[in-house]
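Colleague:
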Amino acid sequence: GLDPAGPLFQYTPTTVRLDPSDATFVDIIHTHAGHLFFDFAPGILQTCGHLDFYPNGGKKMPGCKQLRVPPATRNINDLMREYRSVGCGHKRSLQYYAESIITPNGFVGYQCETYRAFVLGDCFPCPKEGCPLMGHYADKFLRKTEKEQQKVYLNTGPSPPYARWRKEIHVRVSAAETMKGNIDVALTGTNGIRKKYTVNMGTFKPGNIYMNYIDTEISGNISKVEFLWKKHLGHVHRECMGAEEVTIISGEN
Numbered sequence: 001g002l003d004p005a006g007p008l009f010q011y012t013p014t015t016v017r018l019d020p021s022d023a024t025f026v027d028i029i030h031t032h033a034g035h036l037f038f039d040f041a042p043g044i045l046q047t048c049g050h051l052d053f054y055p056n057g058g059k060k061m062p063g064c065k066q067l068r069v070p071p072a073t074r075n076i077n078d079l080m081r082e083y084r085s086v087g088c089g090h091k092r093s094l095q096y097y098a099e100s101i102i103t104p105n106g107f108v109g110y111q112c113e114t115y116r117a118f119v120l121g122d123c124f125p126c127p128k129e130g131c132p133l134m135g136h137y138a139d140k141f142l143r144k145t146e147k148e149q150q151k152v153y154l155n156t157g158p159s160p161p162y163a164r165w166r167k168e169i170h171v172r173v174s175a176a177e178t179m180k181g182n183i184d185v186a187l188t189g190t191n192g193i194r195k196k197y198t199v200n201m202g203t204f205k206p207g208n209i210y211m212n213y214i215d216t217e218i219s220g221n222i223s224k225v226e227f228l229w230k231k232h233l234g235h236v237h238r239e240c241m242g243a244e245e246v247t248i249i250s251g252e253n
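Quick note: the sequence shown uses the UniProt record's numbering, first residue 1, plus one each step.
1) Could you give the uninterrupted runs of the alpha helix (DSSP H) lying entirely in the stretch 73–161, keeping only those of 4 residues or more?
2) Using the C-alpha atoms, what's the distance from P206 back to K180?
3) Taking G43 and S100 to be in contact with their CB atoms under 8 Å, please state how far apart those CB atoms are, rounded to whole angstroms.
4) In angstroms with no decimal places, state the Cα-to-Cα distance between G34 and M241.
5) Taking only three categories from DSSP, how would you classify V26?
6) Using 10 angstroms around the beta-carbon of I169, count the other beta-carbons present and answer buried if the total reaches 16, otherwise exposed.
7) Classify T31: buried if its beta carbon has 16 or more other beta carbons within 10 angstroms, exposed otherwise.
8) For S21, which residues from the same chain have a beta carbon less than 8 Å from its beta carbon, with the 5 sequence-adjacent residues on both sides left out?
9) Our contact map puts K151 next to C126 with C-beta atoms below 8 Å; I'd like the distance itself, whole angstroms only.
10) Could you compute how far the alpha carbon of F227 sits from the alpha carbon of P161?
11) Which full runs of the alpha helix (DSSP H) of 4+ residues lie inside the stretch 36–61, going along the chain?
12) Would you mind working out which of V26, T247 and N56 sits nearest T156, comparing C-alpha positions?
13) Give me the Cβ distance between I222 and G189, rounded to the nearest whole Å; I'm assuming they're in contact under 8 Å.
14) From the DSSP output, in three-state form, read off S21 for me.
15) Near S93, which residues of its chain fall below 6 Å by C-beta distance, leaving aside the five closest residues on each side in sequence?
16) How about N89 and C64: are their beta carbons less than 7 Å apart?
17) Using the C-alpha atoms, what's the distance from L18 back to W165?
18) Going by DSSP in three states, T14 sits in which element: helix, strand or coil?
19) T24: which of E148, Y115 and S250 sits nearest, CA to CA?
20) For the beta strand (DSSP E) containing G34, name the first residue and the last one.
21) I45 to A163, Cα distance in whole Å?
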């Protein structure tokens, strides 16, 4: 199901909408789910398959305009103008699926109860039996029909290629004194792609470990890690901040 229709179908009996009994395996990609009038969302929000994928939370896709008209200005012209723009998020389901065909190891999903739990890392990394893959290879997941309405979350990029790989980064800082600034890391993959990511910002104490989750364009192994430090303006430090150790954990490993 590619962002199945929500209006007139959401929370209706299974006899009139898509549900797990319609096939041996039913997987759904929700990309513009919500309420039609308030969110201009044409997609269904409720779970309606064996595996329900909610990329970026399932409501708003990166790279798509947030569609919302203030109630005081809602007239027919406002509504029609906004509704004509609603296709961006809705079509993302098709674009993600198409890319998944040529990216068999991409779009790794994590089974969580909520998107917030996914963002906080509560469902990271994948269990020993692996994680489901959103899109063309979803049927390869060993536990795909273990139960119905399994919620799966992941993040994507704002433009092609959309696939991202989630990683957990730990940095043990090294310094002579407590300092304020930003900790970034630059990762280089075996394919030569180099990208910079923020690990943390604020006050850092020597010897402490700071961590964050990132969604990177780099698939496979990381060949090089660079520690980057930028002190806050107005704070003068005699010493430099360094990294004693950097640990990277891939979610799919």
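Think of the CB as a built atom: it goes at the ideal place given N, C-alpha and C, for glycine as much as any other residue.
Modeller: In terms of the structure at hand:
1) Taking only runs of at least 4 residues, the alpha helix (DSSP H) segments lying wholly in the stretch 73–161 are 76–84, 87–102 and 115–119.
2) Rounded to whole angstroms, K180 to P206 spans 11 Å at the Cα level.
3) Wrong, their Cβ atoms sit about 18 Å apart, outside the cutoff.
4) So the two alpha carbons sit approximately 45 Å from each other.
5) DSSP places V26 in coil when its eight states are reduced to three.
6) Label assigned to I169: buried.
7) T31 should be labelled buried.
8) Result list for S21: T14, in chain order.
9) The beta carbons of K151 and C126 sit about 15 Å from each other, so the pair does not count as a contact at 8 Å.
10) The C-alpha of F227 lies about 26 Å from the C-alpha of P161.
11) If only uninterrupted alpha helix (DSSP H) runs of at least 4 residues are considered, those enclosed by the stretch 36–61 are 36–39.
12) It is N56 whose Cα lies nearest to the Cα of T156.
13) With a Cβ gap of about 6 Å, I222 and G189 count as contacting.
14) The answer is helix: DSSP assigns S21 an H, G or I state.
15) Hits under 6 Å: L2, D3, I29 and T31.
16) According to the sequence shown, residue 89 is Gly rather than Asn. Yes, Cβ-Cβ distance for G89 and C64 is below 7 Å.
17) Those two C-alpha atoms are separated by around 30 Å.
18) DSSP, reduced to helix, strand and coil, places T14 within a helical segment of the structure shown.
19) When only C-alpha atoms are compared, the closest one is E148.
20) Annotation for G34: no beta strand (DSSP E) segment contains it, and DSSP assigns it neither H nor E.
21) Contrary to the premise, residue 45 reads as Leu rather than Ile in this sequence. Going by the C-alpha atoms only, they are around 22 Å apart.
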